[in-house]
Structure formats: C-alpha cells, structure tokens
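The next block holds one structure in the form of structure tokens; read it before the comments.
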Amino acid sequence: GQVRNMATLKDITRRLKSIKNIQKITKSMKMVSAAKYARAERELKPARVYGTGALSLYEKAEIKAPEDKKKHLLIGVSSDRGLCGAIHTSIAKTLKNEITNLSNAGKEVMVVGVGDKIRGLLQRTHGNYFLVTFKEVGRRPPSFGDASVIALELLNSGFEFDQGSVIYNRFRSVISYKTDEKPIFSFETVAGSESLSIYDDLDADVLRNYQEFTLANILYYSLKESTTSEQSARMTAMDNASKNASEMIDKLTLTFNRTRQAVITKELIEIISGAAAL
C-alpha cells in the first residue's frame, strides 16, 4: 500500500504540473483574444455600413435570379484558427444543408472556402464541391484589400455563377453570434433585373464596376463580422478552459494532500507499532 501511495503521489504531481502549464497557455490565449476582440469590435461598426450600403441596391431593385438559372455559388467564411467553440462547425453545417437543398432543386453548386478550417470540415464529405479555398485568414484583421482579392479571384475563376450567398457568423454580443447569409448576384443577373429601370442612366461598365465593388463590400463586411464572432468565441472558450483547469487543480491538490496524509499516518503507525514491539 505504501509503495502504491507513493506512486500515486508522483502521478498526481505530474498531472498537476501539466494542468498548470496548460492553464498558463489558456490564460495567455484569452488575453490575446480579448485584445484582438476589442479591436475587431471597434472596426465592426464602420464595416457594417459597407455591408448594408452594398445590399441596399439589391433590395431596392428586388434583384433575384430567374428560376431557369442553375449556377449557384456558396461562400463559407471561416478562418485558419481553431479553439473557438462551434464557430466553424456552424458554418459547415449550414453549407451542407444549402448544398443538399440546392442540389435537390437541380442547381449546379460550387463552394468557396474562406479559411482552411471550412475546407478541413467538408473535405471528406463535400470536397468535390470546392472551387477554391483562401488560406492565411484570421492571422491578422481582415482588410478591404483582402476582400477585393477574394472578389476578383471569384469573378476570374471561370465559374459563371448566376447568384449565390455568403455564409458567415454575425456578431451579436460577447457571448452570442448567429450564422447568417447574405445574397450575391452575377453581373448578368443584376443587369437583367426589371426593377433596375429606376436607374435609367446606368450603362454596362458602371453596372459591372458596381457589381464587383458590391461583392467586395459584402465579403469585407462578412469577414469583419466573422472575425469579431471568432475572437469573442475564442475568448469565452479560453476563459472556460482556464476555469476548468482551476477546478481540476483544486481537486488534484486535495487528493494529493489526502494521499500524502495517508502515507504519513501509515508511517507513524509503523513506527509506533515497532516501538511497542521492542
């Protein structure tokens, strides 16, 4: 029993050391995320103006692709970073549902992954739907330049989509976000909209430039929303992990002290018994 208790003490000491090391990491990750979150939230308000402004023409002109238009593009906004709860899996789940629904409706669907995580989550089951994946997302705050690069790549990809949607996580508060969708349309779909007659003097070049700019705006807005949601979710996840580590440290410390007490008590009994036998 004595040997077993000594071995248990060594095990507990080893576990305590490793949990304390992990807690140091989770605490520092929480602090980093808190700083990144503060910046992301500050930059979100002006980005929201971009998004709503870009979508207002679509809404006013009531643009929608005719039923016979088959090509649909889905853009899933995630990042390259993990340890942030269900942020990426909720995007993957929505994408899977959309792919199924659109395919059943006879549409030709292609997926664009923004961030490596979404590709990783869907590679095995829906890998053949991917048109392109953009990496190096989430390492630094997203800029309008990043959104423009993605928009240009999409327009030059060779996939002549008619309409589509950007699927992203919309930030609501520090502890909540909602997976949301925003529509996107091709130049042909926008140009073919009957309601655009309210803008009589729009020529093709202006409309094409506007459509490219709108796509970049919606992507920029979605990237900003997703980044803020991700940083707040990571901050919460790391905070919970640190609290769980504290609980484990308390429990293990208690077990360690009890085991140590048992060892000392047993040694005392042996000494007393030995002295009595003399």
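Here our numbering runs 9 ahead of the position in the sequence shown, where the first position is 1. Even glycine gets a Cβ: it sits at the ideal position worked out from N, Cα and C.
On the CB-based measure, 16 or more other CB atoms within 10 Å of its CB, does residue i come out buried or exposed?
| i | result |
| --- | --- |
| S238 | buried |
| M15 | exposed |
| R179 | buried |
| E68 | exposed |
| E71 | exposed |
| A213 | exposed |
| T61 | exposed |
| M119 | buried |
Please work out which residues of its chain come closer than 7 angstroms, Cβ to Cβ, to residue i, disregarding the five sequence neighbours upstream and downstream, and give them in chain order.
| i | result |
| --- | --- |
| A250 | T35 |
| E52 | P150, K233 |
Can you tell me where the beta strand (DSSP E) with residue i in it begins and where it stops?
| i | result |
| --- | --- |
| S204 | Where S204 is concerned, there is no enclosing beta strand (DSSP E), given that its DSSP letter is neither H nor E. |
| F194 | 185-194 |
| G154 | Looking at the DSSP string, G154 is not in any beta strand (DSSP E); the run it does join, the alpha helix (DSSP H), is 153-164. |
| L140 | 139-143 |
Going by beta carbon distance, what residues of the same chain come within less than 8 angstroms of residue i, once the five residues before and after it are set aside?
| i | result |
| --- | --- |
| H97 | S87, S88, G91, G124, K126, I127, L130 |
| S204 | K69, A70, E71, I72 |
In terms of residues, what are the limits of the alpha helix (DSSP H) holding residue i?
| i | result |
| --- | --- |
| K233 | 213-286 |
| R181 | Premise fails: R181 lies in the beta strand (DSSP E), 172-182, not in any alpha helix (DSSP H). |
| E107 | 96-113 |
| I84 | No alpha helix (DSSP H) holds I84; the beta strand (DSSP E) holding it covers 80-86. |
| L131 | 125-135 |
Ordered along the chain, which non-local residues of its own chain (more than five positions away) have a Cβ less than 6 angstroms from that of residue i?
| i | result |
| --- | --- |
| Q220 | F196, V199 |
| G85 | I100, L104, G122, I127, I176 |
Run the proximity test for residue i: is its beta-carbon closer than 7 angstroms to any non-hydrogen atom belonging to the ligand COA?
| i | result |
| --- | --- |
| V199 | No copy of the ligand COA occurs in the structure displayed, which carries no ligand at all. |
From the beta carbon of residue i, is the nearest beta carbon of chain D less than 8 angstroms away?
| i | result |
| --- | --- |
| K233 | The structure shown contains no chain D; it is built from a single protein chain. |
Meets three-Cβ-pair contact criterion under 8 angstroms: the segment 33-51 and the segment 238-247: yes
Is the segment 156-171 in contact with the segment 179-191, if contact means three or more CB pairs nearer than 8 angstroms? no
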